[in-house]
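Trainee: If you read the sequence shown in the numbering used here, its first letter stands for residue 2, the second for the next number, and so on. Idealized CB from N, CA, C, for every residue including glycine. Once you've had a glance at the structure underneath, I'll fire off some questions.
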Amino acid sequence: MRKLLVLALVGLAAQLVDGALGMAYGLTSSTLLLLAGIAPATASASVHLAEVGTTLAAGVAHWRFGNVDWRVVGRIAVPGALGAFAGATFLSALSTAAAAPWMAAILFTLGAYLLVRFARPLRTERRAGRLRGRFLGPLGLVAGFVDSTGGGGWGPVATPALLVSGRLEPRKVIGSVDTAEFLVAGAASVGFLIGLGSDGFLLPMVLALLAGGLIAAPVAAWLVRLVPAQLLGAVVGGVIVLTNARTLMHALDLGAGVRPVGYALLALAWGIALVFALRALLRARRARTAIAVACGATPPRGDSAPKSPSGEVDTEPSRAEAVADSGSVR
Numbered sequence: 002m003r004k005l006l007v008l009a010l011v012g013l014a015a016q017l018v019d020g021a022l023g024m025a026y027g028l029t030s031s032t033l034l035l036l037a038g039i040a041p042a043t044a045s046a047s048v049h050l051a052e053v054g055t056t057l058a059a060g061v062a063h064w065r066f067g068n069v070d071w072r073v074v075g076r077i078a079v080p081g082a083l084g085a086f087a088g089a090t091f092l093s094a095l096s097t098a099a100a101a102p103w104m105a106a107i108l109f110t111l112g113a114y115l116l117v118r119f120a121r122p123l124r125t126e127r128r129a130g131r132l133r134g135r136f137l138g139p140l141g142l143v144a145g146f147v148d149s150t151g152g153g154g155w156g157p158v159a160t161p162a163l164l165v166s167g168r169l170e171p172r173k174v175i176g177s178v179d180t181a182e183f184l185v186a187g188a189a190s191v192g193f194l195i196g197l198g199s200d201g202f203l204l205p206m207v208l209a210l211l212a213g214g215l216i217a218a219p220v221a222a223w224l225v226r227l228v229p230a231q232l233l234g235a236v237v238g239g240v241i242v243l244t245n246a247r248t249l250m251h252a253l254d255l256g257a258g259v260r261p262v263g264y265a266l267l268a269l270a271w272g273i274a275l276v277f278a279l280r281a282l283l284r285a286r287r288a289r290t291a292i293a294v295a296c297g298a299t300p301p302r303g304d305s306a307p308k309s310p311s312g313e314v315d316t317e318p319s320r321a322e323a324v325a326d327s328g329s330v331r
């Protein structure tokens with residue numbers, strides 16, 4: 002019973018992070034499960050089965066709020082599902098001894114990416130043109146494979162690439178990637194079922210993760226208004242890096258005298274990333290304040306409120322837009 006409670010708390014913590022950042026449910030939960038001694042393939046399988054429920058709920062919510070571009074979903078979800086299925090099959094074929102450093106390396110890399118990503122502001126300028134299938138297909142394939150083999154990574158791989166392209170507004174990037182993840186999680190679960198059998202899924206673990214995630218969902222929506230995503234992303238990235246560094250150091254058989262130095266260097270890099278994240282957050286807030294003051298002082302001729310580039314009157318930004326503006330992605 003105590004173990005199930007811990008797993009529920011893991012799911013709750015992962016969903017809180019995901020709700021505030023727009024990503025990292027799989028990264029956070031898989032890292033914590035590996036730390037608890039769960040086998041890599043079992044951890045990834047259970048996380049993905051739990052994600053089938055969480056991504057379904059999230060996808061429906063994004064659809065109702067108009068945050069989904071179905072053309073993008075169709076062109077990224079199918080290759081993503083194929084990549085996820087292949088990744089699940091690959092991870093299932095590895096022994097636990099071989100899978101642990103492989104999964105730790107992927108999680109470490111993605112954690113380092115989070116540190117770099119949230120240490121600087123994200124450019125969200127819109128560009129002309131549409132996203133093409135020759136870009137979306139390979140992106141989905143790679144993101145799906147990384148997601149299954151690493152226990153997470155669909156959002157950190159897919160969302161930044163779409164945001165950097167500048168051809169889709171941030172709220173639709175987040176909503177479309179989140180909606181497509183339902184198919185990706187389902188395909189990964191099927192792959193693990195074939196590779197591991199039904200014994201590869203610890204149903205009590207899945208239910209505990211799902212319960213914790215569903216409980217945390219409304220709390221995360223409230224938390225995102227209080228905790229700056231820029232700082233939270235850097236904090237979570239550092240935790241993931243340090244946690245998985247332990248497994249990698251053991252796999253590389255580094256001496257006892259080298260490990261403290263490695264941890265010290267990683268901690269220093271984490272501290273630097275936090276400083277840069279704080280500076281980026283403060284600069285973004287000052288810029289938004291200056292824009293708000295300028296718009297309030299000199300409204301457009303004939304208009305009572307500032308308008309967006311599409312010509313619609315701007316109102317209070319949606320949650321997805323607010324998350325994207327504060328430097329978080331899915």
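(1) Cβ of A181 within 9 Å of Cβ of G81?
(2) Give a yes or no on whether the C-beta atoms belonging to L111 and G67 are separated by under 9 Å.
(3) In the DSSP assignment, find the unbroken alpha helix (DSSP H) run with E332 in it and report its ends.
(4) Would the beta-carbon of G12 fall within 9 Å of that of G213?
(5) Cα separation between P301 and I292?
(6) Nearest to G118 by CA position, among M250, I273, G297, is which residue?
(7) Short check: CB of F91 to CB of V191, under 9 Å?
(8) Helix, strand or coil for D254, going by three-state DSSP, please let me know.
(9) Below 6 Å CB to CB, which residues in the same chain sit around G54 once its five sequence neighbours on both sides are set aside?
(10) Excluding the 5 residues preceding and the 5 following V174 in the sequence, name in chain order all residues of the same chain whose CB lies nearer than 7 Å to its CB.
(11) Give me, in chain order, the residues of the same chain whose beta-carbon lies closer than 8 Å to that of G263; leave out the 5 immediate sequence neighbours on both sides.
(12) Whose CA, out of A42, V79, V276, lies closest to the CA of G198?
(13) Using a threshold of 9 Å, state whether the C-beta atoms of K26 and G153 are closer than that.
(14) With a cut-off of 8 Å on the beta carbons, I'd call M104 and L35 a contact; round off their distance for me.
(15) Decide if A94 is buried, meaning its Cβ has at least 16 other Cβ atoms within 10 Å, or exposed.
(16) Could you tell me which whole alpha helix (DSSP H) segments of length 4 or greater appear in the region 158-219?
(17) DSSP state of P80, grouped into three classes?
(18) Take A59 as the anchor and find which of L243, V178, W71, A278 has the nearest alpha-carbon.
(19) Got a sec, what are the start and stop residues for the alpha helix (DSSP H) V69 sits in?
(20) Taking 9 Å as the threshold (C-beta atoms), are P102 and T244 in contact?
(21) How many angstroms separate the CA atom of A209 from the CA atom of G297?
(22) Kindly indicate which three-state DSSP category G112 falls into: helix, strand or coil?
(23) Going by C-alpha distance, which of Y114, R135, A217 is nearest A14?
Mentor: By the coordinates alone:
(1) Yes, they are a contact pair.
(2) no
(3) Nothing can be reported for residue 332: it is not among the residues displayed for the chain, which extend from 2 to 331.
(4) yes
(5) Bear in mind that the predicted position of P301 carries a pLDDT of just 48, short of 50, making it too unreliable to give a figure here.
(6) The sequence shown places Arg at residue 118, rather than the Gly named in the question. When each option's Cα is compared against that of R118, the closest is I273.
(7) no
(8) coil
(9) L211
(10) T160, L163, L164
(11) A246, M250, L255
(12) Per the Cα distances, A42.
(13) According to the sequence displayed, residue 26 carries Tyr and not Lys. Yes, the Cβ-Cβ distance between Y26 and G153 is below 9 Å.
(14) 7 Å
(15) exposed
(16) 171-197
(17) helix
(18) For the set L243, V178, W71, A278, the Cα lying nearest the Cα of A59 is the one of V178.
(19) Note, V69: premise wrong, no alpha helix (DSSP H); not H, not E.
(20) no
(21) 49 Å
(22) helix
(23) A217
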